[in-house]
Every structure is written in structure tokens, then in C-alpha cells.
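2 protein chains.
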Amino acid sequence: MSTWIRNAWIDPVKLKRLSDIRRKELRQAAFAVLEREGIAGATLEKVAAQAGASKGIVLHYFRNKQELFEHAMREANAVLCQAVIARLRRARTPMERMDAVIEGNFEEHLFQPPLCHAWLSLCAEVPRDEKMARIQRVIHARMRSNLLSGLRGLASPGEADDIALGVTALIDGLWLRLGLQPGSVSREQAVRQVKNYVAGRLALRELATAGA
Amino acid sequence: MSTWIRNAWIDPVKLKRLSDIRRKELRQAAFAVLEREGIAGATLEKVAAQAGASKGIVLHYFRNKQELFEHAMREANAVLCQAVIARLRRARTPMERMDAVIEGNFEEHLFQPPLCHAWLSLCAEVPRDEKMARIQRVIHARMRSNLLSGLRGLASPGEADDIALGVTALIDGLWLRLGLQPGSVSREQAVRQVKNYVAGRLALRELATAGA
DNA sequence: CTTTTTATTGTCCCATGGGTCAATTCTTGA
DNA sequence: TCAAGAATTGACCCATGGGACAATAAAAAG
Numbered sequence: 001m002s003t004w005i006r007n008a009w010i011d012p013v014k015l016k017r018l019s020d021i022r023r024k025e026l027r028q029a030a031f032a033v034l035e036r037e038g039i040a041g042a043t044l045e046k047v048a049a050q051a052g053a054s055k056g057i058v059l060h061y062f063r064n065k066q067e068l069f070e071h072a073m074r075e076a077n078a079v080l081c082q083a084v085i086a087r088l089r090r091a092r093t094p095m096e097r098m099d100a101v102i103e104g105n106f107e108e109h110l111f112q113p114p115l116c117h118a119w120l121s122l123c124a125e126v127p128r129d130e131k132m133a134r135i136q137r138v139i140h141a142r143m144r145s146n147l148l149s150g151l152r153g154l155a156s157p158g159e160a161d162d163i164a165l166g167v168t169a170l171i172d173g174l175w176l177r178l179g180l181q182p183g184s185v186s187r188e189q190a191v192r193q194v195k196n197y198v199a200g201r202l203a204l205r206e207l208a209t210a211g212a
Numbered sequence: 213m214s215t216w217i218r219n220a221w222i223d224p225v226k227l228k229r230l231s232d233i234r235r236k237e238l239r240q241a242a243f244a245v246l247e248r249e250g251i252a253g254a255t256l257e258k259v260a261a262q263a264g265a266s267k268g269i270v271l272h273y274f275r276n277k278q279e280l281f282e283h284a285m286r287e288a289n290a291v292l293c294q295a296v297i298a299r300l301r302r303a304r305t306p307m308e309r310m311d312a313v314i315e316g317n318f319e320e321h322l323f324q325p326p327l328c329h330a331w332l333s334l335c336a337e338v339p340r341d342e343k344m345a346r347i348q349r350v351i352h353a354r355m356r357s358n359l360l361s362g363l364r365g366l367a368s369p370g371e372a373d374d375i376a377l378g379v380t381a382l383i384d385g386l387w388l389r390l391g392l393q394p395g396s397v398s399r400e401q402a403v404r405q406v407k408n409y410v411a412g413r414l415a416l417r418e419l420a421t422a423g424a
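Protein chains in written order, with this note's numbering: chain A, 1 to 212; chain B, 213 to 424.
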């Protein structure tokens with residue numbers, strides 16, 4: 001009974017059970033290795049070394065390699081997501097919400113090549129890992145919903161949908177560029193790029209209604 | 213002397229030397245394996261099997277695994293590129309050139325999840341493979357130049373640059389979406405999306421000059 | 001203080017994969 | 001027809017990696 005209380009995932013603030021700490025350390029280590037080595041070069045041994053532990057411990061906390069990297073993906077996404085919702089909380093108008101999502105996705109200390117490299121490696125495994133695919137769908141759904149919370153006030157439902165797709169694609173594409181050619185796109189450039197996209201699409205809409 | 217003539221890469225039509233055929237077969241096989249297995253699961257044995265040959269032959273034609281996949285990347289890019297330049301030849305106006313690039317990048321039989329999966333896996337290795345990085349830079353440079361050949365007639369140099377970056381990022385992002393969630397974006401949607409982006413950016417420009 | 005979980009390590013196993021090599025078959029040109 | 005070179009194979013080597021496990025250390029519970 002007492003163990004049940006300790007095991008409960010109810011208290012999100014102080015989940016300081018040792019096993020939780022280790023698991024977090026390990027999935028962060030996994031991510032760090034991914035940044036350096038890519039999915040093809042990521043091994044349990046390297047993850048263990050990165051975490052300053054033995055390989056055995058990794059498999060003690062994660063059933064297998066796959067599960068470990070699935071959790072690494074969750075971790076990375078959580079960080080990204082946190083940046084967005086923090087800004088989203090402070091946003092009042094629809095346009096501010098859009099900007100919150102956009103700027104949150106390019107936060108200075110996150111919009112960096114290594115993070116992108118790791119993320120790319122994870123994405124590359126999505127097609128062969130149903131769990132990762134599911135995580136990916138969740139991520140995209142939340143992104144979409146965040147964007148629509150702003151776009152609903154700015155465009156018709158159908159168009160909002162379309163613009164949301166465009167914004168997500170553009171954001172992903174800019175991340176990819178950063179990953180493929182570090183330094184080829186700055187945080188400011190990226191933000192401006194997406195904002196211009198939104199402004200352009202909305203301008204198009206105004207022109208159409210004005211012309212009609 | 214005669215061998216030199218035969219070895220020359222001058223004649224692009226009839227490079228039917230046996231070794232050229234094998235090399236092409238093998239890098240195509242490598243790409244096919246990449247589609248199925250991803251970079252982490254791609255092995256020389258599987259590539260050999262895919263090509264209906266032995267592992268030895270793969271290493272006979274390519275120094276090592278790395279080189280093989282570098283060539284696979286070249287191959288894949290060549291196909292994509294070909295689609296674009298074919299359309300580009302028929303384009304007369306700047307706008308037609310833009311559409312040529314856009315539509316070429318989403319050609320029906322190319323804009324497919326498997327191709328994207330393989331492409332993703334290759335991109336994920338770019339940060340750790342200087343040769344691939346170089347190929348990547350070349351690809352991007354050509355893409356940019358193709359776009360600018362149209363954009364120069366539509367916007368100021370500075371803005372053309374910026375729009376070109378946006379278009380490439382958007383295209384990449386839409387490919388990524390297709391790869392992560394097959395079926396989530398159709399060819400027509402993708403084309404429309406990018407065209408709208410361009411139209412929007414240009415509209416923005418007109419509004420600015422009209423307002424001033 | 002003892003018993004029972006839990007954490008952690010190091011060792012072992014075995015399959016796989018990259019790469020080498022010698023041996024063999026096939027081409028081709030003289 | 002025959003010799004030289006290219007194509008192709010299969011066997012072999014060795015390092016590595018994922019995973020199982022037993023043994024030990026550390027905590028927690030009673």
C-alpha cells in the first residue's frame with residue numbers, strides 16, 4: 001500500500017524516486033550520444049559511458065535499445081514543447097499566439113545543430129518504429145492545435161488548417177536546413193521567415209476578399 | 213589509349229561499361245535497402261542480396277560502406293534533379309520557372325514515403341560525413357540557383373534570396389511531413405502550399421510598395 | 001538487526017557486420 | 001586459341017554490439 005503511494009505518478013513535482021532520476025539521466029545521455037554519433041553509431045555502451053554508468057544499468061531501466069530511444073524522443077519533444085507553452089501562456093491576442101509558437105520553436109538555446117542532428121536521427125527511425133510514429137503524431141497534433149488556437153482568429157477554418165500545415169512544414173524545413181548546413185540560418189532569420197509566411201498568406205486572403 | 217577512350221566519362225549516353233552498370237545497380241540497391249531498413253539497419257549483406265550479388269562484389273566496386281552510401285545519395289539526388297531540369301527547360305517566364313522547380317520537386321512517382329525515408333536516413337548521416345555534407349551543399353546550391361533564375365524577375369535581389377530560402381525550407385518540410393506521416397500530405401496539397409507561399413510573399417511586397 | 005527489494009556491476013554469449021583475401025570464373029583483345 | 005585482366009564468389013577474421021545473468025552492494029521495510 002505504501003509502495004503504491006510512492007509509485008504513483010500523481011505528484012509531478014517531486015517524482016524524485018531514484019529510478020525516475022536514473023531513467024531521466026539515461027534518456028538524456030541517450031540523446032547526447034545521438035547528437036554526437038547519430039542513430040547508426042549510437043550504442044548502449046556509449047550511452048552508459050555518457051551517463052557514467054555501466055551498460056547493464058541501461059538495460060535494467062529500459063527493456064531494450066528501442067525503448068531507450070523512444071524515451072529519448074519523448075524527452076526531447078517535452079523540452080521543445082515546454083518552450084512553446086511557456087510563451088503561449090503569456091500570449092493574449094491570436095497574433096501573439098502565433099508568434100509564441102513560432103518563437104518558441106526557434107528558441108536560442110534549442111535551435112542548434114546538435115539538437116537538430118539528434119532529432120533527425122530519431123525522425124529517420126520513425127518509419128520503422130510504431131511507437132515513435134505514435135509520439136510523432138502526438139507532437140504534430142499538439143503543434144497543429146497550438147497554431148489553430150491563434151489562426152482561428154485570423155482566417156477561415158479551412159484556410160487556418162492549410163496555413164497551420166504550411167507553418168509546421170516551414171519550421172521543420174528550417175530546422176533541417178540548420179542541421180544540414182550549420183550556420184546557414186540564424187534564429188532571427190528563421191523567425192522572420194515564418195512570420196513572413198503567415199503575413200503573406202493573410203495578405204493574400206485580404207487581397208482576395210477586397211477584390212471580390 | 214583505347215581504354216582511355218572507353219573510360220572517358222565524356223559520353224553520358226553510352227557509359228555501358230560493365231563496371232558502370234554494376235556500380236549503378238549497387239547504389240540503387242543500396243538506396244532500396246535504405247528505404248526499407250533505414251541507415252541503422254542497412255548492411256552490405258542486405259545491399260548485396262537486394263542486388264542479387266555477393267557481399268564481396270559490393271566492396272569490389274566501393275571502397276567501403278560509407279562510399280557506397282555517398283554514391284546512393286548522389287544517385288537519388290540526380291533523379292530528383294532531373295525531374296526539375298526537364299520542366300525547367302520548357303519554362304519561359306520567371307513564374308513558369310518557379311512552378312517548374314516546385315512541381316518538379318513533388319513529381320508524382322517521386323513524392324512517396326519510401327523515397328523520403330531513405331532520404332531522411334541519408335540526411336541524418338550528413339553531420340558525420342564530410343563528403344555527404346559536400347554533396348548536400350551542392351544540392352542546395354543548385355536548388356537555390358534554380359529558384360533564383362525565376363525569382364530574379366519577380367523580386368529584389370535581397371528578397372529573392374530570402375524567398376528562395378523559404379521555398380527550399382518549405383519543400384523540405386513538406387517532404388518530411390510525408391515521411392513522418394505517410395498520407396498526411398498529397399502532391400497537389402504540397403504544390404499548392406509552396407505556390408501559395410510564393411504568391412503570399414510577392415503580395416506582401418506589392419502591398420508594401422503600394423502603401424509607400 | 002534481519003530480511004527483502006532494489007541498484008549496479010562485470011562477465012559471458014552469440015549473432016552480425018565490415019572488411020580482407022585467395023581462388024575461380026568470365027571477358028576480351030591479340 | 002590463349003593469355004591478361006576483370007568480375008565474382010565464398011571463406012575467413014575480428015571487433016562490436018545487444019542482451020542475459022549471476023553475483024554483489026546498497027536501501028528499505030519490518
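Glycine included, each C-beta is placed from N, C-alpha and C at the ideal position. None of the values given here were measured: they were computed from a predicted structure.
Next item on the list: Let me know the secondary structure DSSP gives P114(A) once reduced to three states.
Entry: Position 114 of the first sequence, counting from 1, holds the residue named residue 114(A). Looking at P114(A) - three-state DSSP - the assignment turns out to be helix.
Next item on the list: Compare the beta carbon distance of A336(B) and I135(A) with 8 Å and say whether it is the shorter of the two.
Entry: On the second sequence, residue 336(B) is found 124 positions in, with the first residue counted as 1. On the first sequence, residue 135(A) is found 135 positions in, with the first residue counted as 1. Contact flag unset, no.
Next item on the list: Quick one: grab the DSSP three-state call for F449(B).
Entry: Residue 449(B) cannot be examined here, being either before or after the span of chain B that is shown, 213 to 424.
Item checked: Euclidean distance between Cα positions of E319(B) and R389(B) -> Position 107 of the second sequence, counted from the first residue, corresponds to residue 319(B). Position 177 of the second sequence, counted from the first residue, corresponds to residue 389(B). Distance between the alpha carbons of E319(B) and R389(B) is about 16 Å.
Notebook entry, point to check: In its own chain, which residues sit with a C-beta less than 6 Å from the C-beta of C116(A), not counting the 5 before and 5 after it?
Noted result: Along the first sequence, one-based indexing puts residue 116(A) at 116. Same-chain partners within the cutoff: W175, L178 and G179.
Note to self: What ranges does the alpha helix (DSSP H) occupy inside the region 92–164 of chain A, keeping only unbroken runs of at least 4 residues that lie completely in it?
What the structure shows: 94–104, 113–125 and 130–151
Check: So which residues on chain A does I251(B) lean against when the C-beta distance must stay under 8 Å?
Finding: In the second sequence, counting from the first residue as 1, residue 251(B) sits at position 39. Near I251(B) (Cβ distances below 8 Å), the residues of chain A are G38, I39, A40 and A124.
Margin query: Against chain B, does R134(A) count as a neighbour if the rule is that its beta carbon must be under 8 Å from one of theirs?
Written below: Numbered from 1 along the first sequence, position 134 holds the residue referred to as residue 134(A). Taking Cβ atoms only, chain B never reaches closer than 8 Å to R134(A), which makes this a no.
Notebook entry, point to check: Touching or not, the region 402–416 of chain B and the region 198–207 of chain A, by the rule of three or more beta carbon pairs under 8 Å?
Noted result: yes
Item checked: Whole-angstrom distance between H283(B) and V245(B), CA atom to CA atom -> Working through the second sequence from its first residue, we reach residue 245(B) at position 33. Working through the second sequence from its first residue, we reach residue 283(B) at position 71. So the alpha carbons of these two residues sit roughly 14 Å apart.
Notebook entry, point to check: Going by other Cβ atoms of all chains shown within 10 Å of its Cβ, with 16 needed for buried, is L256(B) buried or exposed?
Noted result: Residue mapping note: residue 256(B) aligns to position 44 of the second sequence, counting from 1. So L256(B) ends up on the buried side.
Check: Nearest to N105(A) by alpha carbon, out of R27(A), R137(A), A76(A) and D161(A)?
Finding: Along the first sequence, read from residue 1 onward, the residue named residue 105(A) stands at position 105. Comparing Cα positions, the closest option is A76(A).
Next item on the list: Quick one: residues in its chain with C-beta nearer than 7 Å to the C-beta of K46(A), no 5 flanking neighbours on either side, listed in chain order?
Entry: If you number the first sequence from 1, residue 46(A) lands on position 46. Closer than 7 Å at Cβ, skipping near neighbours: V33 and E37.
Next item on the list: Anything in the region 151–165 of chain A with a Cβ closer than 8 Å to a Cβ of chain B? List those residues in chain order, please.
Entry: D162 and L165
Notebook entry, point to check: In chain B, what lies closer than 9 Å to Y197(A) by C-beta?
Noted result: Locating residue 197(A) in the first sequence gives position 197, counting from the first residue. Correct list: G378, L382, Y409, G412 and R413.
Notebook entry, point to check: What number of angstroms, rounded off, separates the C-alpha of V185(A) from the C-alpha of R192(A)?
Noted result: Here residue 185(A) refers to the residue found at position 185 when the first sequence is read from its first residue. Here residue 192(A) refers to the residue found at position 192 when the first sequence is read from its first residue. About 11 Å.
Check: By the criterion of Cβ-Cβ separation under 7 Å, what are the contact partners of S223(A) in chain B?
Finding: Past the boundaries of the shown model lies residue 223(A); chain A is included only from 1 to 212, so the question cannot be answered.
Next item on the list: Label W216(B) either buried or exposed according to how many other C-beta atoms from any shown protein chain fall within 10 Å of its C-beta, with 16 as the threshold for buried.
Entry: Position 4 of the second sequence, counted from the first residue, corresponds to residue 216(B). Legend: pLDDT at W216(B) = 25, less than 50; position of this residue unreliable, no value from coordinates given.
Note to self: Counting only C-beta atoms, is Q181(A) closer than 8 Å to chain B at any point?
What the structure shows: Indexing the first sequence from 1 puts residue 181(A) at position 181. Interface residue, yes.
Next item on the list: Establish whether the CB of H283(B) and some CB of chain A are separated by less than 8 Å.
Entry: Taking the first residue of the second sequence as position 1, residue 283(B) is located at position 71. So no, H283(B) is outside the interface.
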